[in-house]
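Structure record follows, encoded as C-alpha coordinates.
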Amino acid sequence: MLEYVKPNRSALCSVDFSTDVRGKVLNIAVDELSPYLIFEDNKTKVTGFFGDVWTIVQEALKFRNVKIKLCRSIYHSSYEYSILKTGEFDALLTASLMKFPTTAYYAHSTVIGENSYSLFALSEGSTVSKWWYTRIFDTHVWILSTIFVIVLTLVMIGIHNVKKNWCKQIEYCNEFSFPTFTLLCILGATSGQGFQNLPRSWSLRLCALTALNMGMLLSCGFNSTLTSYLASRVPYVGMSNLEDVWNLGTHSLCVRNKSLAYDELMGAIIKSNNPADVKKKWRKLLNRNCPNMENEIEVRDMLCRSGFVYVEASDVFLKEYQHVRHKCQIVKIPGTYWNSKISFLHYRGSKYRKTINKYLLRLRGILKYLENKWIFHPNLKHVQFNQFQTVELGHVQLLIIGLIIMIIFSVVICIFENLWF
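Residues in the sequence shown are numbered from 385 upward in steps of one, following our numbering.
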(Lines of atoms letter the chains of each structure in order from A; the text may use other names.)
(Lines give C-alpha, C1' and ligand atoms only; values in the text may rest on other atoms or scores of the structure.)
Protein backbone atom coordinates (compact mmCIF):
# COMPACT_ATOMS: atom_id res chain seq x y z
CA MET A 385 0.00 0.00 0.00
CA LEU A 386 1.34 3.45 -0.94
CA GLU A 387 1.29 6.26 1.61
CA TYR A 388 1.89 9.93 0.96
CA VAL A 389 2.91 12.44 3.61
CA LYS A 390 3.32 16.18 3.16
CA PRO A 391 6.48 16.93 1.21
CA ASN A 392 7.87 19.37 3.77
CA ARG A 393 7.99 16.70 6.50
CA SER A 394 8.16 13.31 4.79
CA ALA A 395 8.03 11.34 1.53
CA LEU A 396 6.08 8.87 -0.54
CA CYS A 397 6.48 5.32 0.78
CA SER A 398 5.15 1.82 0.18
CA VAL A 399 4.14 -0.41 3.11
CA ASP A 400 3.14 -4.07 2.84
CA PHE A 401 0.55 -4.18 5.65
CA SER A 402 -0.25 -7.49 7.34
CA THR A 403 -3.48 -8.40 9.13
CA ASP A 404 -2.02 -11.43 10.90
CA VAL A 405 0.22 -10.58 13.85
CA ARG A 406 -0.32 -13.83 15.76
CA GLY A 407 3.03 -15.09 17.04
CA LYS A 408 4.95 -12.19 15.50
CA VAL A 409 7.69 -10.38 17.42
CA LEU A 410 7.33 -6.59 17.65
CA ASN A 411 10.20 -4.46 18.93
CA ILE A 412 8.81 -1.87 21.32
CA ALA A 413 10.55 1.14 22.84
CA VAL A 414 9.01 2.46 26.06
CA ASP A 415 9.28 6.01 27.37
CA GLU A 416 8.44 5.64 31.07
CA LEU A 417 6.17 8.33 32.50
CA SER A 418 4.00 7.68 35.54
CA PRO A 419 1.02 7.06 35.63
CA TYR A 420 0.88 6.33 31.88
CA LEU A 421 3.78 3.92 31.44
CA ILE A 422 5.44 2.18 34.39
CA PHE A 423 7.99 -0.62 34.33
CA GLU A 424 7.50 -3.71 36.50
CA ASP A 425 9.23 -7.08 37.06
CA ASN A 426 12.75 -5.78 36.54
CA LYS A 427 11.76 -3.80 33.43
CA THR A 428 10.34 -6.84 31.63
CA LYS A 429 6.70 -5.77 31.95
CA VAL A 430 5.02 -2.43 31.37
CA THR A 431 1.90 -1.27 33.18
CA GLY A 432 0.12 2.02 33.84
CA PHE A 433 -2.77 3.54 31.89
CA PHE A 434 -1.18 3.15 28.44
CA GLY A 435 0.87 0.13 29.45
CA ASP A 436 -2.29 -1.80 30.28
CA VAL A 437 -3.83 -0.74 26.96
CA TRP A 438 -0.87 -2.15 25.06
CA THR A 439 -0.93 -5.36 27.13
CA ILE A 440 -4.62 -5.87 26.27
CA VAL A 441 -3.88 -5.39 22.57
CA GLN A 442 -0.95 -7.80 22.78
CA GLU A 443 -3.00 -10.51 24.50
CA ALA A 444 -5.90 -10.09 22.06
CA LEU A 445 -3.80 -10.18 18.88
CA LYS A 446 -1.39 -12.75 20.38
CA PHE A 447 1.89 -11.17 19.33
CA ARG A 448 5.09 -11.02 21.36
CA ASN A 449 7.07 -7.88 22.02
CA VAL A 450 10.49 -6.87 23.25
CA LYS A 451 10.40 -3.79 25.48
CA ILE A 452 13.39 -1.49 25.68
CA LYS A 453 13.44 1.55 27.94
CA LEU A 454 13.85 4.81 26.07
CA CYS A 455 16.09 7.50 27.56
CA ARG A 456 14.96 10.89 26.27
CA SER A 457 18.32 12.61 26.60
CA ILE A 458 19.96 9.92 24.41
CA TYR A 459 17.37 9.07 21.78
CA HIS A 460 15.60 12.27 20.94
CA SER A 461 15.58 15.96 21.48
CA SER A 462 12.23 17.55 22.19
CA TYR A 463 9.67 15.91 19.87
CA GLU A 464 11.86 14.53 17.06
CA TYR A 465 11.53 10.90 18.22
CA SER A 466 14.59 10.02 16.19
CA ILE A 467 14.61 6.50 17.62
CA LEU A 468 11.91 5.56 15.09
CA LYS A 469 14.07 6.76 12.19
CA THR A 470 16.31 3.71 12.56
CA GLY A 471 13.50 1.30 11.66
CA GLU A 472 14.60 -0.94 14.53
CA PHE A 473 11.36 -0.49 16.47
CA ASP A 474 7.77 -1.03 15.39
CA ALA A 475 6.25 1.30 17.97
CA LEU A 476 7.17 3.80 20.66
CA LEU A 477 5.02 3.59 23.78
CA THR A 478 4.91 7.18 24.98
CA ALA A 479 2.30 9.73 25.97
CA SER A 480 2.62 11.40 22.58
CA LEU A 481 0.70 14.62 21.98
CA MET A 482 -1.09 14.66 18.64
CA LYS A 483 -0.41 18.37 18.16
CA PHE A 484 2.76 17.36 16.38
CA PRO A 485 2.29 16.22 12.76
CA THR A 486 3.35 12.83 11.49
CA THR A 487 6.51 12.41 9.43
CA ALA A 488 8.04 9.89 7.05
CA TYR A 489 9.35 7.98 10.07
CA TYR A 490 6.40 7.78 12.45
CA ALA A 491 2.62 8.04 12.59
CA HIS A 492 0.24 8.50 15.50
CA SER A 493 -1.91 5.62 16.62
CA THR A 494 -5.63 5.80 17.32
CA VAL A 495 -6.42 8.37 20.03
CA ILE A 496 -6.05 6.80 23.47
CA GLY A 497 -6.89 9.73 25.70
CA GLU A 498 -6.92 13.49 26.18
CA ASN A 499 -4.83 15.67 28.41
CA SER A 500 -3.98 19.25 29.30
CA TYR A 501 -1.61 21.19 31.53
CA SER A 502 -2.55 22.97 34.75
CA LEU A 503 -0.88 25.21 37.32
CA PHE A 504 -0.23 23.91 40.83
CA ALA A 505 1.11 25.87 43.81
CA LEU A 506 1.55 25.43 47.54
CA SER A 507 -1.32 26.95 49.52
CA GLU A 508 -0.33 29.98 51.58
CA GLY A 509 0.26 29.03 55.22
CA SER A 510 -0.21 25.29 54.67
CA THR A 511 3.24 24.46 56.05
CA VAL A 512 4.86 25.37 59.35
CA SER A 513 7.57 27.98 58.91
CA LYS A 514 9.99 29.36 61.49
CA TRP A 515 9.34 32.81 59.94
CA TRP A 516 5.57 32.42 60.27
CA TYR A 517 5.13 34.80 63.22
CA THR A 518 7.17 37.53 61.56
CA ARG A 519 5.18 37.23 58.31
CA ILE A 520 1.87 37.99 60.02
CA PHE A 521 2.82 41.64 59.50
CA ASP A 522 3.90 43.01 56.16
CA THR A 523 7.55 44.07 55.80
CA HIS A 524 6.51 47.72 55.60
CA VAL A 525 4.64 47.42 58.92
CA TRP A 526 7.73 46.03 60.65
CA ILE A 527 9.90 48.81 59.20
CA LEU A 528 7.41 51.50 60.24
CA SER A 529 7.12 50.06 63.76
CA THR A 530 10.90 49.96 64.16
CA ILE A 531 11.26 53.55 62.97
CA PHE A 532 8.46 54.60 65.34
CA VAL A 533 10.23 53.03 68.35
CA ILE A 534 13.58 54.61 67.46
CA VAL A 535 12.15 58.08 66.79
CA LEU A 536 9.99 58.10 69.93
CA THR A 537 12.95 56.97 72.04
CA LEU A 538 15.10 59.79 70.63
CA VAL A 539 12.30 62.31 71.25
CA MET A 540 11.96 61.25 74.90
CA ILE A 541 15.74 61.38 75.36
CA GLY A 542 15.77 64.87 73.84
CA ILE A 543 12.90 66.06 76.05
CA HIS A 544 14.68 64.64 79.09
CA ASN A 545 17.92 66.49 78.27
CA VAL A 546 16.03 69.75 77.75
CA LYS A 547 14.24 69.36 81.08
CA LYS A 548 17.50 68.43 82.78
CA ASN A 549 19.34 71.50 81.49
CA TRP A 550 16.57 74.05 81.89
CA CYS A 551 14.34 72.81 84.69
CA LYS A 552 15.36 73.53 88.27
CA GLN A 553 13.36 70.55 89.58
CA ILE A 554 15.68 67.96 88.08
CA GLU A 555 14.27 65.16 90.22
CA TYR A 556 11.14 65.16 88.06
CA CYS A 557 13.15 63.76 85.12
CA ASN A 558 15.52 61.39 86.90
CA GLU A 559 13.53 58.23 86.06
CA PHE A 560 14.50 58.60 82.39
CA SER A 561 18.15 59.44 82.89
CA PHE A 562 19.35 56.33 81.02
CA PRO A 563 18.63 55.92 77.28
CA THR A 564 18.45 52.12 77.63
CA PHE A 565 15.71 52.47 80.25
CA THR A 566 13.78 54.77 77.92
CA LEU A 567 14.14 52.29 75.04
CA LEU A 568 12.87 49.42 77.20
CA CYS A 569 9.85 51.48 78.25
CA ILE A 570 8.99 52.25 74.62
CA LEU A 571 9.42 48.60 73.60
CA GLY A 572 7.18 47.50 76.47
CA ALA A 573 4.49 49.98 75.46
CA THR A 574 4.55 49.12 71.75
CA SER A 575 4.42 45.38 72.50
CA GLY A 576 1.27 45.83 74.56
CA GLN A 577 2.87 45.30 77.99
CA GLY A 578 2.32 48.82 79.30
CA PHE A 579 4.74 51.57 80.37
CA GLN A 580 7.33 50.83 83.07
CA ASN A 581 7.07 54.15 84.98
CA LEU A 582 4.59 57.00 84.74
CA PRO A 583 6.59 60.12 83.80
CA ARG A 584 6.10 63.19 85.95
CA SER A 585 6.56 65.51 82.99
CA TRP A 586 3.43 66.07 80.90
CA SER A 587 5.45 66.15 77.69
CA LEU A 588 6.91 62.72 78.51
CA ARG A 589 3.45 61.48 79.48
CA LEU A 590 2.19 62.45 76.02
CA CYS A 591 5.03 60.40 74.48
CA ALA A 592 4.11 57.46 76.72
CA LEU A 593 0.46 57.74 75.67
CA THR A 594 1.54 57.73 72.01
CA ALA A 595 3.58 54.55 72.57
CA LEU A 596 0.67 52.87 74.36
CA ASN A 597 -1.75 53.68 71.53
CA MET A 598 0.70 52.34 68.97
CA GLY A 599 1.14 49.20 71.07
CA MET A 600 -2.63 48.70 71.26
CA LEU A 601 -2.96 48.90 67.47
CA LEU A 602 -0.06 46.52 66.84
CA SER A 603 -1.20 44.01 69.47
CA CYS A 604 -4.80 43.95 68.26
CA GLY A 605 -3.73 43.57 64.65
CA PHE A 606 -1.22 40.82 65.42
CA ASN A 607 -3.52 38.82 67.70
CA SER A 608 -6.58 39.10 65.47
CA THR A 609 -4.61 37.93 62.41
CA LEU A 610 -3.11 35.05 64.37
CA THR A 611 -6.47 33.97 65.81
CA SER A 612 -8.35 34.21 62.52
CA TYR A 613 -5.78 32.04 60.75
CA LEU A 614 -5.68 29.37 63.45
CA ALA A 615 -9.47 29.25 63.79
CA SER A 616 -10.39 29.02 60.12
CA ARG A 617 -7.94 28.30 57.33
CA VAL A 618 -8.72 28.71 53.63
CA PRO A 619 -6.39 27.32 50.96
CA TYR A 620 -5.24 30.34 49.04
CA VAL A 621 -2.75 31.25 46.35
CA GLY A 622 -2.30 34.88 45.34
CA MET A 623 -2.48 34.06 41.62
CA SER A 624 -5.39 33.20 39.37
CA ASN A 625 -3.72 32.41 36.04
CA LEU A 626 -0.43 32.11 34.19
CA GLU A 627 -0.33 35.84 33.47
CA ASP A 628 -0.32 36.58 37.21
CA VAL A 629 2.70 34.33 37.67
CA TRP A 630 4.61 36.26 35.00
CA ASN A 631 3.60 39.71 36.23
CA LEU A 632 4.12 39.16 39.97
CA GLY A 633 7.49 37.47 39.57
CA THR A 634 7.38 36.06 43.12
CA HIS A 635 7.30 32.38 42.13
CA SER A 636 9.46 30.27 39.87
CA LEU A 637 7.64 28.48 37.05
CA CYS A 638 8.69 24.82 37.09
CA VAL A 639 8.10 22.72 33.97
CA ARG A 640 9.63 19.66 32.31
CA ASN A 641 12.18 20.82 29.75
CA LYS A 642 11.07 18.32 27.10
CA SER A 643 7.35 18.92 27.20
CA LEU A 644 4.74 20.77 25.21
CA ALA A 645 4.32 23.28 28.06
CA TYR A 646 8.01 24.22 27.97
CA ASP A 647 7.99 24.70 24.21
CA GLU A 648 4.84 26.81 24.39
CA LEU A 649 6.17 28.97 27.23
CA MET A 650 9.50 29.58 25.54
CA GLY A 651 7.68 30.39 22.31
CA ALA A 652 5.42 32.84 24.13
CA ILE A 653 8.45 34.60 25.64
CA ILE A 654 10.33 34.84 22.35
CA LYS A 655 7.37 35.89 20.18
CA SER A 656 5.80 38.37 22.60
CA ASN A 657 5.91 42.11 21.91
CA ASN A 658 7.16 42.96 25.40
CA PRO A 659 10.41 44.89 25.95
CA ALA A 660 13.69 42.98 26.19
CA ASP A 661 13.95 43.45 29.97
CA VAL A 662 10.49 41.90 30.47
CA LYS A 663 11.41 38.92 28.30
CA LYS A 664 14.62 38.51 30.30
CA LYS A 665 12.66 38.58 33.56
CA TRP A 666 10.21 35.96 32.30
CA ARG A 667 13.01 33.74 31.04
CA LYS A 668 14.63 33.87 34.49
CA LEU A 669 11.38 32.79 36.15
CA LEU A 670 11.27 29.63 34.04
CA ASN A 671 12.78 26.74 36.05
CA ARG A 672 14.60 29.10 38.45
CA ASN A 673 15.90 26.96 41.36
CA CYS A 674 13.31 24.33 40.42
CA PRO A 675 13.75 20.58 40.96
CA ASN A 676 14.56 18.36 38.03
CA MET A 677 11.04 17.67 36.81
CA GLU A 678 12.20 14.39 35.23
CA ASN A 679 13.33 13.11 38.66
CA GLU A 680 10.36 11.89 40.72
CA ILE A 681 12.27 11.77 44.03
CA GLU A 682 13.59 15.30 43.65
CA VAL A 683 10.14 16.62 42.78
CA ARG A 684 8.57 15.01 45.86
CA ASP A 685 11.26 16.46 48.13
CA MET A 686 10.54 20.02 46.96
CA LEU A 687 6.76 19.97 46.54
CA CYS A 688 6.16 21.35 50.03
CA ARG A 689 8.52 24.29 49.57
CA SER A 690 7.02 27.67 48.83
CA GLY A 691 7.92 29.93 45.93
CA PHE A 692 7.19 27.50 43.08
CA VAL A 693 4.36 27.12 40.58
CA TYR A 694 4.35 23.81 38.75
CA VAL A 695 3.15 23.51 35.15
CA GLU A 696 2.34 19.87 34.53
CA ALA A 697 -0.26 17.50 33.20
CA SER A 698 -2.71 16.88 36.04
CA ASP A 699 -2.34 13.10 35.88
CA VAL A 700 1.45 13.25 36.13
CA PHE A 701 1.56 15.86 38.90
CA LEU A 702 -1.15 14.34 41.08
CA LYS A 703 0.61 10.97 40.97
CA GLU A 704 3.60 12.56 42.74
CA TYR A 705 1.46 14.72 45.03
CA GLN A 706 -0.10 11.60 46.55
CA HIS A 707 3.22 10.92 48.30
CA VAL A 708 3.35 14.27 50.16
CA ARG A 709 -0.28 15.37 50.55
CA HIS A 710 -0.11 14.52 54.30
CA LYS A 711 2.68 17.10 54.70
CA CYS A 712 1.29 20.10 52.83
CA GLN A 713 -1.63 21.29 50.75
CA ILE A 714 -1.31 21.99 47.04
CA VAL A 715 -3.88 24.18 45.27
CA LYS A 716 -4.77 23.72 41.61
CA ILE A 717 -5.07 27.17 40.07
CA PRO A 718 -8.27 27.36 37.95
CA GLY A 719 -7.90 26.93 34.21
CA THR A 720 -6.25 24.50 31.80
CA TYR A 721 -3.65 25.08 29.12
CA TRP A 722 -2.72 23.39 25.84
CA ASN A 723 -5.44 20.75 25.58
CA SER A 724 -4.43 17.92 23.28
CA LYS A 725 -5.06 14.29 22.41
CA ILE A 726 -2.47 11.63 23.21
CA SER A 727 -1.50 8.41 21.45
CA PHE A 728 1.24 5.86 20.83
CA LEU A 729 3.70 6.31 17.99
CA HIS A 730 4.08 3.74 15.18
CA TYR A 731 7.04 3.36 12.90
CA ARG A 732 5.57 4.29 9.52
CA GLY A 733 7.15 1.28 7.86
CA SER A 734 5.67 -1.20 10.36
CA LYS A 735 3.26 -3.54 8.59
CA TYR A 736 1.30 -4.25 11.78
CA ARG A 737 0.23 -0.74 12.76
CA LYS A 738 -3.12 -0.69 10.92
CA THR A 739 -4.18 -3.94 12.59
CA ILE A 740 -3.22 -2.58 16.02
CA ASN A 741 -5.05 0.70 15.34
CA LYS A 742 -8.23 -1.13 14.34
CA TYR A 743 -8.22 -3.04 17.61
CA LEU A 744 -7.58 0.14 19.61
CA LEU A 745 -10.83 1.52 18.17
CA ARG A 746 -12.73 -1.26 19.95
CA LEU A 747 -11.37 -0.38 23.40
CA ARG A 748 -13.51 2.69 24.19
CA GLY A 749 -15.15 1.08 27.25
CA ILE A 750 -11.91 -0.48 28.49
CA LEU A 751 -10.10 2.84 28.11
CA LYS A 752 -12.67 4.48 30.39
CA TYR A 753 -12.16 1.75 32.98
CA LEU A 754 -8.37 2.08 32.82
CA GLU A 755 -8.61 5.86 33.14
CA ASN A 756 -10.60 5.51 36.37
CA LYS A 757 -8.07 2.95 37.60
CA TRP A 758 -4.90 4.94 36.98
CA ILE A 759 -5.82 8.61 36.91
CA PHE A 760 -6.19 10.48 40.20
CA HIS A 761 -8.92 13.08 40.67
CA PRO A 762 -8.49 14.61 44.16
CA ASN A 763 -10.17 17.93 44.91
CA LEU A 764 -7.50 20.63 44.88
CA LYS A 765 -9.81 23.62 44.58
CA HIS A 766 -10.18 26.55 46.95
CA VAL A 767 -12.33 24.93 49.64
CA GLN A 768 -13.10 26.01 53.19
CA PHE A 769 -11.55 24.11 56.09
CA ASN A 770 -13.20 24.74 59.45
CA GLN A 771 -10.80 22.72 61.56
CA PHE A 772 -8.95 24.46 64.39
CA GLN A 773 -5.20 24.80 63.90
CA THR A 774 -2.93 24.92 66.95
CA VAL A 775 0.23 27.00 67.24
CA GLU A 776 3.05 24.55 66.57
CA LEU A 777 6.67 24.58 67.68
CA GLY A 778 7.80 25.51 64.20
CA HIS A 779 5.76 28.72 64.41
CA VAL A 780 7.58 30.00 67.51
CA GLN A 781 10.96 28.42 66.82
CA LEU A 782 12.54 31.69 65.72
CA LEU A 783 11.14 33.57 68.73
CA ILE A 784 12.45 30.96 71.17
CA ILE A 785 15.91 31.11 69.60
CA GLY A 786 15.85 34.90 69.88
CA LEU A 787 14.86 34.76 73.55
CA ILE A 788 17.63 32.27 74.32
CA ILE A 789 20.18 34.54 72.60
CA MET A 790 18.94 37.50 74.65
CA ILE A 791 19.25 35.50 77.90
CA ILE A 792 22.81 34.42 77.04
CA PHE A 793 23.69 37.99 76.08
CA SER A 794 22.35 39.35 79.39
CA VAL A 795 24.35 36.75 81.36
CA VAL A 796 27.53 37.74 79.50
CA ILE A 797 26.88 41.43 80.25
CA CYS A 798 26.31 40.59 83.92
CA ILE A 799 29.63 38.73 84.07
CA PHE A 800 31.52 41.66 82.49
CA GLU A 801 29.83 44.13 84.84
CA ASN A 802 30.96 42.17 87.89
CA LEU A 803 34.49 41.77 86.55
CA TRP A 804 34.72 45.48 85.66
CA PHE A 805 33.55 46.82 88.99
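We put the beta carbon where it would ideally sit given N, CA and C, even for glycine. Quick caveat, the model's predicted, so the values are computed rather than measured.
Check	Outcome
Where H710 sits in the DSSP three-state scheme	coil
Secondary structure of F800, DSSP reduced to three states	helix
Y420, DSSP secondary structure in three states	coil
Closest Cα partner of L649 within the set E627, T634, P659, A660	E627
Proximity below 9 Å, CB of L410 to CB of Y736	yes
Beta-ladder partner(s) of I681, from DSSP	Partner(s): none; I681 has no beta bridge.
Cα-Cα separation, V535 to F793	25 Å
Chain-order list of residues whose beta-carbon lies under 7 Å from that of I789 (same chain, five-residue window excluded)	none
Reduced DSSP category for L610 - H, G, I as helix; E, B as strand; rest coil	helix
Cβ-based neighbour list, R684, same chain, cut-off 6 Å, excluding 5 preceding and 5 following	E704, H707, V708
Continuous alpha helix (DSSP H) stretch holding T739: start and end	737-744
Proximal residues to I422 (C-beta, below 8 Å), its chain only, five neighbours per side dropped	E416, V430, T431, G432, G435
Residue range of the unbroken alpha helix (DSSP H) whose run includes S698	698-705
Bounding residues of the alpha helix (DSSP H) (the contiguous stretch that carries K752)	748-758
Member of S643, V629, L644 whose CA lies at the smallest distance from the CA of L637	V629
F504 versus I750: straight-line alpha-carbon distance, rounded	30 Å
C-beta contact flag for R478 and F701 at 9 Å	Checking the displayed sequence, the identity of residue 478 turns out to be Thr instead of Arg. The answer is no: Cβ separation not under 9 Å.
Helix, strand or coil at N411 [DSSP, three-state]	strand
Spatial distance of W758 from A573 (CA atoms)	60 Å
Backbone CA spacing between L745 and T494 [nearest angstrom]	7 Å
Inter-residue Cα distance where the pair is S502 and Y721	6 Å
For G572, three-class secondary structure by DSSP	helix
Beta-carbon proximity of N631 to I717, cut-off 9 Å	no
Proximity to L669 [Cα-Cα], best of G542, Y646, I440	Y646
Contact under 9 Å by Cβ, N809 with S643	Within the shown structure, residues of the chain are numbered from 385 to 805, placing residue 809 beyond reach of any answer.
DSSP three-state assignment for H635, whether helix, strand or coil	coil
C-alpha distance - A395 paired with L476, whole-angstrom precision	With a pLDDT of 46 at A395, under the threshold of 50, the modelled position of this residue cannot be trusted, and the question is left open.
Distance between L567 and V533 (C-alpha atoms, nearest Å)	8 Å
CA nearest to the CA of I541, picked from P563, F800, H524, L528	P563
Under the three-state DSSP convention, the category I543 falls into	helix
Residues near E682 by beta carbon distance below 8 Å, same chain, minus five either side	P675, N676
V639 versus C604, E680, L610, residue with shortest Cα-Cα distance	E680
Rounded straight-line distance, which links the Cα of I412 to that of P659	47 Å
Identity of the residues DSSP links to Y731 by a beta bridge	Y490
Buried versus exposed, by CB contacts within 10 Å (16 or more), S587	exposed
In DSSP terms, what T431 is bridged to	I422
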